[in-house]
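**Q**
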Amino acid sequence: MNRAGFMLMLGLAVCAPALALELTASEQAGKRLYREGLSSSDAQLTARVGASNMTVPASVLPCASCHGTDGQGRAEGGVRPPSLDWQRLALGQGPRQSNGRSYPAYTGATLGRAIQHGVDPAGNRLDPAMPRFELTLADQRNLNAYLKRLAEDRDPGVEEGVLRLGTLIPTTGPLAGAGHVVRAVLEDGVAQLNQQGGIHGRRLELLVADPGDDQASAEQALQRLLGEQQAFALVSPLAPMLDQRLATVLEQQGVPLIGSAPRSGGSVQIFDPLPGIDTQLLSLAAHARANLGLAPGALRVVYAGTDQAALAELVRERLQQQGWQPAPIEAFSGQAVQGQGVVFIGRAQAFAELAAALQAAGRAPYLFAASSQVTGAVAALPAYWSQRVFLAYPFVPGDWTEQGMASLAGLQQRQRLDPRQASLQVNTLCALRLLTEALKQSGRDLSRERLVAALEGLHDIDTGLTPALGFGPGRRQGMAGAHVVAVALPGPRFTSVAPYRPVPVSP
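So in the numbering used here, spot 160 of the sequence shown is number 1251, and the numbers just go up one at a time.
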C-alpha cells in the first residue's frame, strides 16, 4: 500500500466509531466458557469446590462470577479474586516482600494447571475458594485465547474518550410532544456533563432513534441502537409499543435501562426512578384504611383494557398481602361496579366513563387511581365526585428544594420547556441523575455489569425534586410509595392528604 493509501486508511480508522472487539471462533468459545461456564462441545463441565472437592456444574460458578466480565476481580466475602489481565499474568510479579512468596509468570500450560488443579507456576496452592475446573484441551485453548483478549473486550459503546448512550424518541404521533420534552432534557443534561469534562474523561454521546408507530419499527430502531450504533445503555426511552419485548432484548444482550419503561416482566436490567403503578395504588389503599376507614372487603379492583389485566391481578395480590380481601378483578365495559372503594387501572377516557356510569346508578364510592394514568380526565369530572377521587403522585412540589427548583427552572429556560410539563421533565431528570451517579461510581474501567452493580448500590440519592431515590439487588424501582392527593371539584383543586411513605413489603 502506498503512503497516500495508508494515510487514508488511518484517517478512516480515526474518524469512524470503534466497533465492539471482533473475536475469533476460538476466542468466542473461550468467552462463553469464561462468562457462562459452558463448553464449546456443549458437554457439561464440572468444577470442584473447597477442601472437600464438592462437585458442581461449571455453569454455577463461571470465571466471570468472581473475576467479573472485565477480569478485574471483585472483593466478596473476604476473598479478593486477582486480576486476570493477561499482560499481568505473563509478566509475573516476582517475590513479594510481605510474605516472601514468589509469583512467577504464567504460560498457557501453567495457567491450565492453575485452573484445573489450583496450583500456581511456583507450585503454591491457590486460595481454596477458587474452584478447580475439569476442562478438555480444546476448552483450555479457547479459554487461554480469550483471556489474552479480555482486557480489550469492552462492552459496546465504551471507548477511550467516548461513552455512547441511547434512547428511543418518537417524532410523530400522540407521543411526539412528550418525546420532544424527553429529548430536550436528555440533550441538556448530556451537554451540561460534557461541559464539566464528561465522566471519567469520557465525553457522553446521546444516540436518538425514532421507534415509529408500531412494534416492528420500534424493534428495528432498538436493534440499530444496540447494534450498528453501539449504545452502551438506554436512558428514558419512549416506546410503549415494545412492552415485554424490550425486557427480553435487554436481558439477552445485558443492556441496562434507566428510566420509566413497560413494567410487565420485572426485568433485572430496567431501573425505574419512579414507583410502579401497583406500588402507587398500595399507597392509596393504605390511606383508605387509615384515614377513610374502609373495611378489608370494601375495595374492588377494576381495570379497562385487556393490556391492564395482568397489572390488575398483581394489584389484587398485593392488596391481599396487605390484609385486604378484594373480590376477583373486574373488567370495566361501561357498567357500574360495586364496592365502597374502586381501585382503577386503565386510561383516562375509561376512568371518566366509569365515573359517569357510577353517577348514573346513584353510586358514589371512593375512586383511587395513579395520576399518570387518569389525570387527563379529572378536570372534566362533575362536583358529584368532589373529595371522592384520590390520586397517587410519586412526587409533589412540596418535595422540591431551592436547589432542585433552580435546576428545573434553569432547564426550562435553556430548553424553552413548558412548566406545566414538569412531571415528565422531573422523571427524565431523575433517570439521568441516577445514571450519572452510577457511572461515576462504576469507575474508569466501565462495563455493563459494573453499571448494574453500581445502580444496585445507589441509596438515598437526593434529587432535590423527589423523595430520596435508591435501588438494591432485588429492587428496581427508585421509590417504594407515593403521595396521596385528594381532588376537589369543580376546579379541580388538588390537596396532598398523605405524604410519601414507603409501602411495607410483605414477606
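Even for Gly, the Cβ is constructed at its ideal location relative to N, Cα and C.
Given a cut-off of 9 Å, decide if residue 1436 and residue 1399 are closer than it, judged by their beta-carbon atoms.
**A** Counting from 1 along the sequence shown, the entry for residue 1399 is found at position 308. Counting from 1 along the sequence shown, the entry for residue 1436 is found at position 345. Against a cut-off of 9 Å, the Cβ pair of residue 1436 and residue 1399 comes out as a contact.
**Q** Can you tell me the Cα-Cα spacing of residue 1205 and residue 1492, whole angstroms?
**A** As a first step, residue 1205 is located in the sequence shown; it is residue number 114 there, counting from the start. As a first step, residue 1492 is located in the sequence shown; it is residue number 401 there, counting from the start. Near 56 Å, if we compare the C-alpha coordinates of residue 1492 and residue 1205.
**Q** Nearest to residue 1077 by CA position, among 1359, 1374 and 1360, is which residue?
**A** Nothing can be reported for residue 1077, as the shown portion of the chain is limited to 1092 through 1598.
**Q** Taking the beta strand (DSSP E) that residue 1432 falls in, what are its first and last residues?
**A** Numbered from 1 along the sequence shown, position 341 holds the residue referred to as residue 1432. That run of the beta strand (DSSP E) goes 1432 to 1436.
**Q** Might you give, ordered along the chain, the residues of its own chain that have their beta carbon closer than 8 Å to the beta carbon of residue 1341, omitting 5 neighbours on each side?
**A** In the sequence shown, the residue the question calls residue 1341 occupies position 250. Cβ within range, chain order: 1325, 1347, 1348, 1358, 1360 and 1361.
**Q** For the alpha helix (DSSP H) holding residue 1201, just list the boundary residues, first then last.
**A** Sequence index remark: in the sequence shown, residue 1201 carries index 110 (1-based). It spans 1199 to 1208 - the alpha helix (DSSP H) in which residue 1201 sits, taken as one unbroken run.
**Q** Residue 1198: buried (16+ other C-beta within 10 angstroms of its C-beta) or exposed?
**A** Locating residue 1198 in the sequence shown gives position 107, where the first residue counts as 1. The residue in question, residue 1198, is exposed, as its Cβ has fewer than 16 Cβ neighbours within 10 Å.
**Q** With a CB to CB cut of under 8 Å and the five nearest residues on each side skipped, what residues in its chain are close to residue 1394?
**A** For the purposes of this step, residue 1394 is identified with residue 303 of the sequence shown, where counting begins at 1. Same-chain partners within the cutoff: 1400, 1402, 1403, 1420, 1421, 1422, 1423, 1435, 1436 and 1437.
**Q** May I have a chain-ordered list of the alpha helix (DSSP H) segments no shorter than 4 residues that lie completely inside the region 1422 to 1504?
**A** Fully enclosed alpha helix (DSSP H) runs of 4 or longer: 1439 to 1451 and 1462 to 1469.
**Q** Let me know the secondary structure DSSP gives residue 1121 once reduced to three states.
**A** On the sequence shown, residue 1121 is found 30 positions in, with the first residue counted as 1. Residue 1121: helix per DSSP, three-state reduction.
**Q** In angstroms, rounded to a whole number, what distance separates the CA positions of residue 1178 and residue 1371?
**A** Indexing the sequence shown from 1 puts residue 1178 at position 87. Indexing the sequence shown from 1 puts residue 1371 at position 280. Roughly 52 Å between the two C-alpha positions.
**Q** Which runs of the beta strand (DSSP E) at least 3 residues long sit entirely within the region 1225 to 1303? Give them in chain order.
**A** As far as the region 1225 to 1303 is concerned, its whole beta strand (DSSP E) runs of at least 3 residues are 1253 to 1259 and 1294 to 1300.
**Q** Just to confirm, is the Cβ distance from residue 1238 to residue 1309 under 9 Å?
**A** Residue 1238 sits at position 147 when you count from the first residue of the sequence shown. Residue 1309 sits at position 218 when you count from the first residue of the sequence shown. No, these two residues do not count as a Cβ contact at 9 Å.
**Q** Count the CB pairs spanning the region 1260 to 1276 and the region 1288 to 1307 that are closer than 8 Å, and state whether there are at least three.
**A** Short answer: they touch.
**Q** According to DSSP, is residue 1587 part of a helix, a strand, or is it coil?
**A** Start at 1 with the first residue of the sequence shown, and residue 1587 comes out as number 496. Residue 1587 falls in the strand class under three-state DSSP.
**Q** Alpha helix (DSSP H) containing residue 1139: first to last residue?
**A** For the purposes of this step, residue 1139 is identified with residue 48 of the sequence shown, where counting begins at 1. Per DSSP, residue 1139 belongs to no alpha helix (DSSP H); it is in the beta strand (DSSP E), 1137 to 1140.
**Q** Which full runs of the alpha helix (DSSP H) of 4+ residues lie inside the region 1325 to 1354, going along the chain?
**A** Listed in chain order, the complete alpha helix (DSSP H) runs (minimum 4 residues) inside the region 1325 to 1354 are 1335 to 1344.
**Q** State the DSSP-derived secondary structure class of residue 1129, mapped to helix, strand or coil.
**A** Counted from its first residue, the sequence shown places residue 1129 at position 38. In this structure, residue 1129 counts as coil in the three-state DSSP scheme.
**Q** Quick test of the definition: if touching needs 3 or more C-beta pairs under 8 Å, does the region 1307 to 1322 touch the region 1554 to 1571?
**A** The answer is no - the region 1554 to 1571 does not touch the region 1307 to 1322, with fewer than three Cβ pairs under 8 Å.
**Q** Measure the C-alpha to C-alpha separation of residue 1136 and residue 1162 and round it to an integer number of angstroms.
**A** Working through the sequence shown from its first residue, we reach residue 1136 at position 45. Working through the sequence shown from its first residue, we reach residue 1162 at position 71. Roughly 21 Å separates the two Cα atoms.
**Q** Apart from the five residues on each side of it in sequence, which residues of its chain come closer than 7 Å, Cβ to Cβ, to residue 1343?
**A** Position 252 of the sequence shown, counted from the first residue, corresponds to residue 1343. Same-chain partners within the cutoff: there are none.
**Q** Going straight from the alpha carbon of residue 1355 to that of residue 1329, what length do you get?
**A** On the sequence shown, residue 1355 is found 264 positions in, with the first residue counted as 1. On the sequence shown, residue 1329 is found 238 positions in, with the first residue counted as 1. Residue placement at residue 1355 cannot be trusted, given a pLDDT of 45 that sits under 50; the coordinates are not used to answer.
**Q** By how many angstroms is the C-alpha of residue 1261 removed from the C-alpha of residue 1418?
**A** Start at 1 with the first residue of the sequence shown, and residue 1418 comes out as number 327. Start at 1 with the first residue of the sequence shown, and residue 1261 comes out as number 170. Straight-line Cα distance between these residues: approximately 39 Å.
**Q** Would residue 1379 and residue 1457 qualify as a contact pair, given that the criterion is a beta-carbon distance under 9 Å?
**A** Counting from 1 along the sequence shown, the entry for residue 1379 is found at position 288. Counting from 1 along the sequence shown, the entry for residue 1457 is found at position 366. Going by C-beta atoms, residue 1379 is nearer than 9 Å to residue 1457.
**Q** For residue 1142, which residues in the same chain have their Cβ closer than 8 Å to its Cβ, ignoring the five residues on either side in sequence?
**A** Residue mapping note: residue 1142 aligns to position 51 of the sequence shown, counting from 1. Hits under 8 Å: 1219.
**Q** For residue 1376 and residue 1521, I'd like the C-alpha separation in whole angstroms.
**A** Taking the first residue of the sequence shown as position 1, residue 1376 is located at position 285. Taking the first residue of the sequence shown as position 1, residue 1521 is located at position 430. Straight-line Cα distance between these residues: approximately 26 Å.
**Q** Assuming residue 1459 and residue 1432 form a contact by the criterion Cβ under 8 Å, report the distance between their Cβ atoms to the nearest whole angstrom.
**A** Within the sequence shown, residue 1459 is the residue found at index 368, counting from 1. Within the sequence shown, residue 1432 is the residue found at index 341, counting from 1. Going by Cβ atoms, the distance from residue 1459 to residue 1432 rounds to 6 Å, so yes, they are a contact pair.
**Q** Count the other CB atoms within 10 Å of the CB of residue 1281; is the residue buried (16 or more) or exposed (fewer)?
**A** Residue numbering aside, residue 1281 sits at position 190 when the sequence shown is read from its first letter. By the neighbour-count rule (16 or more Cβ atoms within 10 Å), residue 1281 is buried.
**Q** Using the C-alpha atoms, what's the distance from residue 1113 back to residue 1270?
**A** If you number the sequence shown from 1, residue 1270 lands on position 179. If you number the sequence shown from 1, residue 1113 lands on position 22. Between residue 1270 and residue 1113, the C-alpha separation is close to 35 Å.
**Q** I need the straight-line Cα distance from residue 1446 to residue 1387, nearest angstrom please.
**A** Translated into positions along the sequence shown, residue 1446 becomes position 355. Translated into positions along the sequence shown, residue 1387 becomes position 296. Taking the straight line joining both Cα atoms gives about 23 Å.
**Q** Where DSSP assigns a beta bridge to residue 1563, which residues make up the other side?
**A** By 1-based counting over the sequence shown, the position of residue 1563 is 472. According to DSSP, which records beta bridges pairwise, residue 1563 is partnered with 1566.
**Q** Provide the residue(s) that pair with residue 1216 in DSSP beta bridges, ordered along the chain.
**A** Within the sequence shown, residue 1216 is the residue found at index 125, counting from 1. 1210, per the DSSP bridge assignment.
**Q** On a Cα-Cα basis, can you pick out the residue from 1134, 1576 and 1176 that is closest to residue 1382?
**A** Numbered from 1 along the sequence shown, position 291 holds the residue referred to as residue 1382. With distances taken between Cα atoms, residue 1382 lies closest to 1576.
**Q** Which one of 1152, 1159, 1134 and 1127 has the shortest CA to CA distance from residue 1541?
**A** Along the sequence shown, one-based indexing puts residue 1541 at 450. Among 1152, 1159, 1134 and 1127, the Cα nearest to that of residue 1541 belongs to 1159.
**Q** Out of curiosity, what's the CA-to-CA distance linking residue 1548 and residue 1524?
**A** As a working note, residue 1548 is residue 457 in the sequence shown. As a working note, residue 1524 is residue 433 in the sequence shown. Going from the Cα of residue 1548 to the Cα of residue 1524 covers about 14 Å.
**Q** Could you tell me how far apart the beta carbons of residue 1345 and residue 1539 are, in whole angstroms, since I believe they sit closer than 8 Å?
**A** The residue labelled residue 1345 in the question sits at position 254 within the sequence shown. The residue labelled residue 1539 in the question sits at position 448 within the sequence shown. Yes, they are in contact, since the Cβ atoms of residue 1345 and residue 1539 sit about 5 Å apart, within 8 Å.
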